[in-house]
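One structure is given here, and the rest of the page talks about it.
Residue numbers (my numbering), protein chains in the order written: chain G, 25 to 311; chain S, 4 to 416.
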C-alpha cells in the first residue's frame with residue numbers, strides 16, 4: 025500500500041498544475057485552432073469546415089502588420105538589452121547596500137496601470153507639450169518635428185513598458201555569479217575586459233535568455249503602444265486581432281492570426297534557444 | 004518546451020535532470036487536445052431572428068411586474084456627477100437604481116456582450132445605450148433586444164421630437180428610444196488655426212499636413228469622405244464607397260492625417276497635437292466650457308447626426324422598471340437637466356423653452372454660457388441645420404462586408 029502511494033505521489037503532486045494547464049492552456053488553444061478552421065459569420069453561425077486556406081488568406085491580407093510587429097518587437101528587445109544589461113550589472117556589482125532600493129525603483133512604475141503610463145507619455149511628448157515646446161522655442165528642433173504618431177514613439181513605448189522584465193532576470197543571473205570566479209579569472213591573468221567577456225557574460229546568458237523571452241513576446245503582440253503612441257502606419261498585429269475579434273466579429277480570422285502569431289513566436293524562440301541554446305550556456309559556464 | 008526552459012530553472016553548477024517530456028506524457032497531452040478539438044468543433048449556431056410580431060411583444064410584457072430597481076449601463080460623461088435626474092426618479096417612483104459607465108465603444112461593448120447574449124445569459128443590465136450603426140443593427144437582427152411596450156412610454160409619445168420618432172434604423176421605435184443625439188463635425192484649435200473653417204475640404208488641405216485628425220470608426224470616415232465628394236450617404240452604393248475610399252487614401256498618403264483616433268482625439272486637439280479633427284459636438288462644447296481653445300464647426304457640405312439610444316437587452320431582470328426610467332428621462336425638466344450637462348442634442352425639443360426660461364434667473368458667466376447653449380445650432384439644430392445632417396447608412400450584412408473591406412484598410416495602415 026505504501027509503495028503504491030509512493031508511486032502515485034509524483035502524479036498527485038503534478039495534478040493541480042496539470043489540471044491548470046489542461047483547463048487554461050490546452051483547451052483554449054485547441055478551441056482557438058478549431059475556431060480558426062471554421063467558416064461563417066455571426067448572423068448565420070459558424071460551422072467547422074477545416075478551412076486551412078484561412079491562414080494564407082489572413083497572412084496575405086495582414087503580412088505588413090505581421091512583419092512590422094516582429095521588427096518592432098525585435099528592435100525594442102535589442103534596445104532593452106543594451107539598456108538593461110549595464111543597469112543590471114551596476115545594481116548587481118556596484119550598488120552595495122542600496123540594491124533593494126534600486127530594484128524597488130525599477131518596479132515602482134508597475135504600481136500605476138500600464139495604459140495610464142502610456143497615455144501619460146502622450147501628454148509629456150505632445151507637440152506643444154513640456155518637452156518639445158521649449159526645444160522648439162530654442163530653435164533646437166524644426167517646427168514640424170514631432171515624436172508622437174511615429175515609429176520612434178511606438179518602439180520607445182515598448183522599450184519603456186517592458187524594460188523591467190529585461191532588467192530583473194539579468195540581475196538575478198548576475199547576482200548569482202560567485203565573486204571568487206572573477207577573482208580566479210584575474211589570478212589567471214585575465215584583464216577586467218577578458219574576465220567579463222569570458223566569465224561574467226557567459227554566466228549571465230540564461231538571464232539574458234529569460235529577459236529576451238519575457239520582453240520580445242509581449243512587445244511583439246502588444247496593441248496598446250501602437251494604439252496610443254502610433255500614427256497612421258504603425259498598426260501592429262495585436263491591433264488587427266483586436267479589430268477582427270471585437271469590431272468585425274470575424275472569430276475565425278482573429279483566431280487564425282493569433283495562432284500564427286503564437287507559432288511564429290514559438291519557432292523564433294526555438295531557433296533562438298538553439299543559437300544561444302541552454303546547452304551552450306552550460307558549456308560556456310563550464311569552460 | 005522543457006529543453007527551452009531548463010536553463011532558466013536549473014542551477015548552472017548542478018546536475019542535469021532528465022526533465023524531458025516522456026512519450027507517455029506527450030501522448031496524454033495529445034489526447035487532451037483532441038478532446039478539446041472535438042468539443043470545440045461543433046461550431047456556433049446562427050442566431051438570426053425574425054422581426055417580432057405584435058403578439059410576441061404583448062406576450063413578453065403580459066404579467067411583468069415592477070421590481071423596484073433598475074440597472075442602467077451608459078457611456079462616460081452622460082449623466083451629471085451628482086446623478087440628480089436618477090435621484091429624483093427614485094424619489095418619485097420608489098425605484099432604486101444602479102448607474103454604470105461601462106460602455107466606451109459600440110464595437111467593444113457588442114464584442115464583449117455577444118458571447119454572453121448568445122449563450123442566453125443576462126448581461127446584468129436593464130438598459131444599455133448604443134449608437135445607431137452596424138452593431139446596433141446586429142443586436143436587433145440577432146434577437147438580443149426586447150421589443151418595447153409603448154403603452155408604458157407616455158412621456159416619449161408626448162415629448163419626443165418628430166425627428167426622433169420612427170427612425171430609419173429602428174422602425175416605429177420597436178426596440179429603442181433615443182437617449183441623446185449628437186453631430187459629427189470638425190473641431191478646430193483656434194490657437195493655431197486663424198482662418199475661419201467652414202468647409203470639409205479643410206481636412207484635405209495640404210496646409211494642415213500632419214495636423215489633421217480623422218476617426219478610426221469606418222462609418223464616420225466614410226460619411227465624411229462622401230460629404231467631401233457631394234454624395235448623400237443614405238443613397239450611397241458600392242461605387243460611391245470606392246470613390247470615398249480613394250479620397251481617404253489620397254488624404255492619408257499625402258501625409259495630411261496624423262492619426263486615426265478613437266475618443267482620444269479630443270485631448271489631442273485640445274493640446275495642439277492636431278489642429279483640425281473630426282469631432283463629436285458635445286465633447287467640444289464641454290471643453291469649450293472648460294475654457295480650452297476649441298471650436299465646433301458643422302461643415303457646409305454636411306455633418307453626420309447619430310443617435311445614442313436606450314434599449315433593453317434580452318435577459319434583463321427588471322424590464323418594467325427599465326421602461327419607467329426610460330420614460331422618465333423624457334419629462335422636459337429632466338431632459339433639460341441632462342442636456343445642460345451633456346451638451347449634445349436632446350431628443351426633447353421642449354428643453355429649449357425650459358432652458359430659455361432659466362436664462363433670466365442666472366447672472367454673469369453662467370448666464371452667458373446658458374445663452375450660448377440655447378442659441379447654439381449644434382445643440383438645438385434648426386430645420387435648415389437638419390437639412391445638412393445625414394445619418395450613417397444602414398447596411399445589410401452583405402453590404403457591411405464590402406463596406407468594411409473598403410474602409411478598414413485605410414485606418415489599419
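The beta carbon of each residue, even a glycine, is placed where N, CA and C say it ideally should be.
8 angstroms contact criterion, which residue i and residue j should meet: CB distance rounded
i	j	result
residue 162 of chain G	residue 154 of chain G	Actually they do not touch by this definition, with Cβ atoms about 14 angstroms apart.
residue 244 of chain G	residue 93 of chain G	5 angstroms
residue 279 of chain S	residue 206 of chain S	6 angstroms
residue 176 of chain S	residue 169 of chain S	6 angstroms
residue 194 of chain G	residue 231 of chain G	4 angstroms
residue 304 of chain S	residue 273 of chain S	25 angstroms between Cβ atoms; not a contact.
residue 318 of chain S	residue 126 of chain S	7 angstroms
residue 392 of chain S	residue 186 of chain S	6 angstroms
residue 234 of chain S	residue 247 of chain S	7 angstroms
residue 409 of chain S	residue 244 of chain S	5 angstroms
residue 283 of chain S	residue 395 of chain S	At roughly 13 angstroms, the Cβ-Cβ gap does not stay under 8 angstroms, so residue 283 of chain S and residue 395 of chain S are not in contact.
residue 316 of chain S	residue 196 of chain S	About 43 angstroms separates the two Cβ atoms, so there is no contact after all.
residue 275 of chain S	residue 212 of chain S	That belief does not hold up - the Cβ atoms of residue 275 of chain S and residue 212 of chain S are roughly 15 angstroms apart, past 8 angstroms.
residue 156 of chain G	residue 171 of chain G	7 angstroms
residue 180 of chain S	residue 324 of chain S	Rounded, the Cβ-Cβ distance is 15 angstroms, inconsistent with contact.
Cβ-Cβ distance between residue i and residue j below 7 angstroms
i	j	result
residue 350 of chain S	residue 167 of chain S	yes
residue 139 of chain G	residue 248 of chain G	yes
residue 74 of chain S	residue 129 of chain S	yes
residue 70 of chain S	residue 321 of chain S	yes
residue 1 of chain G	residue 209 of chain G	Residue 1 of chain G lies beyond the stretch modelled for chain G, which goes from 25 to 311, so this question has no answer here.
residue 498 of chain S	residue 133 of chain S	Residue 498 of chain S lies beyond the stretch modelled for chain S, which goes from 4 to 416, so this question has no answer here.
residue 178 of chain S	residue 144 of chain S	no
residue 339 of chain S	residue 362 of chain S	no
residue 115 of chain S	residue 76 of chain S	no
residue 261 of chain S	residue 216 of chain S	yes
residue 348 of chain S	residue 192 of chain S	no
residue 302 of chain S	residue 203 of chain S	yes
residue 111 of chain S	residue 270 of chain G	yes
residue 60 of chain G	residue 276 of chain G	yes
residue 201 of chain G	residue 178 of chain G	no
residue 261 of chain G	residue 90 of chain G	yes
residue 278 of chain G	residue 265 of chain G	yes
residue 107 of chain S	residue 259 of chain G	no
residue 252 of chain G	residue 143 of chain G	yes
residue 256 of chain G	residue 255 of chain S	yes
residue 63 of chain S	residue 331 of chain S	no
residue 346 of chain S	residue 288 of chain S	yes
residue 116 of chain G	residue 199 of chain G	yes
residue 190 of chain G	residue 67 of chain G	no
residue 333 of chain S	residue 182 of chain S	no
residue 388 of chain S	residue 378 of chain S	no
DSSP beta-bridge partners of residue i
i	result
residue 299 of chain S	S:190
residue 281 of chain S	S:189
residue 246 of chain S	The partner list for residue 246 of chain S (beta bridge, DSSP) is empty, contrary to what the question assumes.
residue 100 of chain S	S:73
residue 415 of chain S	BP columns for residue 415 of chain S are empty, so no partner.
residue 133 of chain S	S:312
residue 65 of chain G	G:69
residue 263 of chain S	S:217
residue 2 of chain S	As displayed, chain S neither begins before 4 nor continues past 416, which places residue 2 of chain S out of reach and without an answer.
For the segment 143 to 219 of chain S, list the alpha helix (DSSP H) runs that are entirely contained and at least 4 residues long, ordered along the chain. Every alpha helix (DSSP H) stretch that sits fully inside the segment 143 to 219 of chain S and reaches 4 residues is listed by chain position as 157 to 162.
Please go through the segment 128 to 202 of chain G and give each complete beta strand (DSSP E) segment of 3 or more residues, from N-terminal end onward. Taking only runs of at least 3 residues, no beta strand (DSSP E) segment lies wholly in the segment 128 to 202 of chain G.
May I ask you to list, following chain order, the residues of the segment 209 to 228 of chain S that have a beta carbon less than 7 angstroms from some beta carbon of chain G? Residues 213.
The segment 235 to 262 of chain S: positions lying closer than 8 angstroms to chain G by Cβ: Only those residues of the segment 235 to 262 of chain S whose C-beta falls short of 8 angstroms from the nearest C-beta of chain G are listed: 255, 260, 261, 262.
Give, in chain order, every residue of the segment 88 to 99 of chain G whose Cβ lies closer than 9 angstroms to some Cβ of chain S. Here the close residues are 88, 89.
Tell me which residues of the segment 222 to 250 of chain G have at least one Cβ-Cβ distance to chain S shorter than 9 angstroms, keeping chain order. Within the segment 222 to 250 of chain G, the residues whose Cβ lies closer than 9 angstroms to any Cβ of chain S are, in chain order, 227, 229, 230, 231, 233, 234, 237.
Near-chain G residues of the segment 132 to 162 of chain S (beta-carbon distance less than 8 angstroms), N- to C-terminal order: When CB distances to chain G are screened at a threshold of 8 angstroms, the residues of the segment 132 to 162 of chain S falling below it are 141, 144, 145, in chain order.
What residues in the segment 152 to 174 of chain G have a beta carbon less than 8 angstroms from any beta carbon of chain S? In summary, the residues of the segment 152 to 174 of chain G whose CB is separated from some CB of chain S by less than 8 angstroms are 152, 153, 168, 170, 172, 173, in the order they occur in the chain.
Hey, which unbroken runs of the alpha helix (DSSP H) at 4 residues or more fall wholly within the segment 292 to 343 of chain S? 322 to 331, all fully within the segment 292 to 343 of chain S.
Please identify, using Cβ separations under 7 angstroms, the residues of the segment 176 to 192 of chain G that lie next to chain S, in order along the chain. Within the segment 176 to 192 of chain G, no residue places its CB atom closer than 7 angstroms to a CB of chain S.
Taking only runs that begin and end inside the segment 377 to 414 of chain S, name each unbroken alpha helix (DSSP H) of 4 or more residues, in chain order. The segment 377 to 414 of chain S contains these whole alpha helix (DSSP H) runs: 386 to 391, 400 to 414.
Can you give me, in chain order, the residues of the segment 100 to 111 of chain S that have a beta carbon less than 8 angstroms from any beta carbon in chain G? Going along the segment 100 to 111 of chain S in chain order, one finds 110, 111 with a Cβ nearer than 8 angstroms to chain G.
Contacting positions in the segment 267 to 279 of chain G - beta carbon closer than 9 angstroms to chain S: Listed by position along the chain: 267, 269, 270, 271, 272, 273, 275.
Below 9 angstroms between beta carbons is the criterion; list the residues of the segment 261 to 284 of chain S that meet it against any residue of chain G, in chain order. For the segment 261 to 284 of chain S, which is checked against every Cβ of chain G, the residues closer than 9 angstroms are 261, 262, 263, 265, 267, 270, 271, 274, 275, 276, 277.
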